[in-house]
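What follows is a single structure, written as structure tokens, with notes after it.
Residue numbers (full-length UniProt numbering): 1 to 350.
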């Protein structure tokens, strides 16, 4: 994922640059600033800026001053200067600031695209992977497939945590996915504004604290909260087309941390408990209680392996009021006690 900043005070030029950059670098997050002051605020706010486009003739601080400030903070950022002025003295000064390229307006799309790819050394394989992630996010949200969404989201989190335990910081894979989710929500309108703020807070927390055992539960809980916000809206759009088993699965995922009963879920699915129980088994090949147990045991495994929560705390967080009962269920389902699972899967947490 690339963080790209455009510093441009002309709205037509800004929109043109955004459109071309979005097509050229699919796995990008574009930030914009119409003044030098806003550009400096972005430089201070963003932990990473891969590329910055700067119009020299922006309101003060001017483009030169913005670049000078950026170079003091982050010398690795690629800088492309855009201007309608071809004065040699300006060009010479740009070279002294060690900018990566200098483009005269109006900028041809082909020249801009070539400059971006050359400067960023865009990884086409990574771009293809981002396209697939973007499509997956869109399909899961638009179809309101809450169960598969949680499986998708937590598989990415757990894979990154596995790498973290091995000394490889892959937390960026999680923040990249969250930024793609945020971009998708932008296309769905203002009703997701508060959810996008939650995503920004979680992303910032991961960047600051990583995916340590002490931070895992906080991240997981945050992702559950985001999912609830996203799918509450999605459910309103497609609930009329969902059968009652899918409705039941939706409400199970939404309330996965709570005590779930057949009567409660049947009421939310608008069918009788007996009918839901039979249909659940026929449709999914597993009983209602077994389905919920499997979902919660899956989460318990992740918490045992990647978090520092005590076993009895994990039981309580997943609404097993009796820790001993949780241990018996866990052993029945996995063949091993929770403490033994933790010792084998994550000995450093023990």
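Backbone N, C-alpha and C define an ideal beta-carbon position, used for all residues, glycine too.
Straight-line gap, residue 72 to residue 4 (C-alpha atoms, nearest Å)
18 Å
Extent of the continuous beta strand (DSSP E) run through residue 52:
51–55
Going straight from the alpha carbon of residue 148 to that of residue 181, what length do you get?
15 Å
Helix, strand or coil: how does DSSP classify residue 143 here?
coil
Determine whether the Cβ of residue 114 lies closer than 8 Å to any Cβ atom of chain C.
Among the protein chains of the structure shown there is no chain C, as only one such chain exists.
Spatial distance of residue 114 from residue 80 (CA atoms)
12 Å
Buried or exposed: residue 295, going by 16 or more other Cβ atoms within 10 Å of its Cβ?
buried
If you compare alpha carbons, which of 144, 136, 142 is closest to residue 152?
136
Less than 8 Å between the C-beta atoms of residue 309 and residue 164, yes or no?
no
Could you spell out the range, first to last residue, of the alpha helix (DSSP H) harbouring residue 184?
171–187
Span of the alpha helix (DSSP H) around residue 206
193–209
Tell me whether residue 33 sits in a helix, a strand or coil according to DSSP, three-state version.
strand
Starting from the N-terminal side, write out each stretch of the alpha helix (DSSP H) that is 4 residues or longer and does not extend beyond the segment 307–348.
311–317, 323–334, 338–345
Neighbourhood of residue 241 by C-beta, 7 Å cutoff - its chain only, sequence neighbours within 5 removed
none
For residue 229, report the span of its alpha helix (DSSP H) as first-last.
213–238
How about residue 107 and residue 82: are their beta carbons less than 8 Å apart?
yes
Would you give the residue range spanned by the alpha helix (DSSP H) that residue 119 belongs to?
109–120
Using the Cβ count rule (16 or more neighbours within 10 Å means buried), how would you classify residue 261?
exposed
Is the segment 296–305 touching the segment 318–330, taking contact as three or more C-beta pairs under 8 Å?
yes
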